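Report on the following structure.
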Amino acid sequence: MGEKRQKEIRLAEVRALPLDDTQQDMIVEGYAIVFEQPTVLWADPDTGKEYKEIISRGALDGVDLSDVPMKYNHSDSVMIVARSRSKTLTLIPDDVGLKVIANLAPTTAGKDLYTLVQRGDINKMSFAFYVADDEYDRNTSTRRINKFAAIGDVSAVDAPAYEQTTLSARSYCEGRKAADELLEKEQQAVEKKKLLFQKYFESRHAIPYVKTGTVDEPWDGAKMRANLKTGPDVKADYYRQAFAWVDQDANPDAKGSYKFIHHDVSDGGAIGPANIKGCQTGIAVLNGSMGGSKISDEDRQGVYEHLAAHLRDAKVEPDELRSTGNCNNEDEDMNMDLRRKLLIIKTYL
1 MGEKRQKEIR LAEVRALPLD DTQQDMIVEG YAIVFEQPTV LWADPDTGKE
51 YKEIISRGAL DGVDLSDVPM KYNHSDSVMI VARSRSKTLT LIPDDVGLKV
101 IANLAPTTAG KDLYTLVQRG DINKMSFAFY VADDEYDRNT STRRINKFAA
151 IGDVSAVDAP AYEQTTLSAR SYCEGRKAAD ELLEKEQQAV EKKKLLFQKY
201 FESRHAIPYV KTGTVDEPWD GAKMRANLKT GPDVKADYYR QAFAWVDQDA
251 NPDAKGSYKF IHHDVSDGGA IGPANIKGCQ TGIAVLNGSM GGSKISDEDR
301 QGVYEHLAAH LRDAKVEPDE LRSTGNCNNE DEDMNMDLRR KLLIIKTYL
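Residue numbers (our numbering): 1 to 349.
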């Protein structure tokens with residue numbers, strides 16, 4: 001079953017053509033729809049923020065207008081005064097919008113309506129419609145209707161701000177407001193998490209993982225380190241691309257402050273993708289190979305997750321990080337699992 005569309009109503013202008021010796025028909029006309037014209041649907045009473053609507057040119061393309069009635073106040077309890085099926089209501093999509101020309105029935109209702117429009121007591125009409133396709137721009141709080149599904153009716157209305165029109169627009173706008181506020185809260189929560197992770201890693205020496213390419217080539221860590229640039233113009237951001245650990249108590253702009261190089265470095269000092277064997281070598285050192293590493297358990301975990309993430313990017317399963325035995329195994333496993341989850345979440349923020 002297709003999605004049930006909501007009926008909506010909007011206001012437009014209407015006027016009566018004067019009667020004369022050659023014109024005895026009671027004709028009222030106006031534009032029910034004006035294309036590409038921003039209309040303020042609702043202003044938030046708390047913030048003053050305006051919610052607008054634009055109807056796209058072409059929104060009526062293909063819409064069936066062959067049997068649209070003209071009513072009074074959209075009421076089914078009052079007889080209709082014109083209808084497109086009987087050619088007494090003409091609906092003309094043009095460059096401006098949807099022009100309405102109604103030859104009102106010579107009934108009491110038709111005559112009364114014509115007189116009220118002619119006198120200016122009624123100068124508004126509204127149209128009821130169903131939307132097939134629309135979009136919403138949060139930056140401008142503007143809804144754009146790209147395609148109508150159907151036009152229900154056009155009606156002359158006696159209220160300056162027809163109640164159902166106001167309710168229809170307000171219902172839509174309040175829904176958008178609620179959605180905007182929810183999205184804003186979610187974005188604020190994400191930003192708060194980002195700050196949390198940033199502070200978490202800034203208090204550690206392990207450098208956070210950043211997704212890069214990987215290569216499976218022979219590895220010479222000493223040569224890669226030697227290829228790195230040095231000098232007063234070389235800053236920490238450069239070195240952090242190649243390493244997984246930094247001594248934050250030392251000079252961050254000095255190459256000697258960094259450990260666990262694992263990226264290829266060209267002879268000219270350009271830092272390339274993560275090297276699979278370089279990452280595996282780093283994990284081996286964390287696990288005691290080549291004398292092991294003299295860094296804290298928290299830093300070991302952070303460096304491990306950095307190197308392991310590159311390996312997983314390359315579809316290579318990393319060796320497990322062995323416990324140093326410096327703390328209770330159960331607590332260590334819990335802390336390692338928590339930090340692993342924190343790092344994984346940070347990666348996708």
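The beta-carbon is built from N, C-alpha and C at its ideal position, and this holds for glycine as well. The structure displayed is predicted, hence computed values, not measured ones.
Its chain contains MET70, THR88, LEU89, ALA102, ASN103, LEU104, ALA105 as the residues whose beta carbon lies nearer than 7 angstroms to that of ALA82, once the 5 sequence neighbours on both sides are disregarded; these appear in chain order.
For THR108, the uninterrupted alpha helix (DSSP H) run begins and ends at 108-119, by DSSP. Taken through DSSP and simplified to helix, strand or coil, THR281 comes out as helix.
Taking C-beta separations shorter than 6 angstroms and ignoring five residues to either side along the sequence, the partners of PHE35 in its chain run ILE55, ARG57, GLY97, following chain order. Shown here, GLY302 sits in a helix according to DSSP, grouped into three states.
Looking at the backbone, the Cα of ASP95 and that of ASP112 are separated by about 32 angstroms. The Cβ atoms of GLU53 and THR142 sit closer than 8 angstroms to each other. For ILE80, the secondary structure class from DSSP, reduced to helix, strand or coil, is coil. When the alpha-carbon of GLY120 is set against those of PRO93, PHE127, ASP158, the nearest one is in ASP158. Excluding residues up to 5 positions away in sequence, LYS52, GLU53 lie with their Cβ nearer than 7 angstroms to the Cβ of THR39 in the same chain.
ILE276 is a Cβ neighbour of ASP216, given a cutoff of 8 angstroms. Residue range 236-240 is occupied by the alpha helix (DSSP H) that includes TYR239. Closest in alpha carbon position to ARG85, among SER66, LEU91, ILE92, TYR72, is SER66. Here VAL68 carries a coil assignment [DSSP, helix/strand/coil]. Within its own chain, the residues whose Cβ lies closer than 6 angstroms to the Cβ of ALA150, once the five positions on either side in sequence are excluded, are TYR130, listed in chain order.
Under DSSP, ALA244 forms no beta bridge with any residue. Judged by DSSP secondary structure, LYS49 falls outside any alpha helix (DSSP H); it is assigned neither H nor E. In this structure, DSSP gives GLY272 an extended state, which the three-state scheme calls strand. By the neighbour-count criterion, in which a residue is buried when 16 or more other Cβ atoms sit within 10 angstroms of its Cβ, SER77 is exposed. Here the alpha carbons of ASN73 and ILE27 stand approximately 18 angstroms from one another. Between the C-alpha atoms of THR47 and VAL210 there is a straight-line separation of about 41 angstroms.
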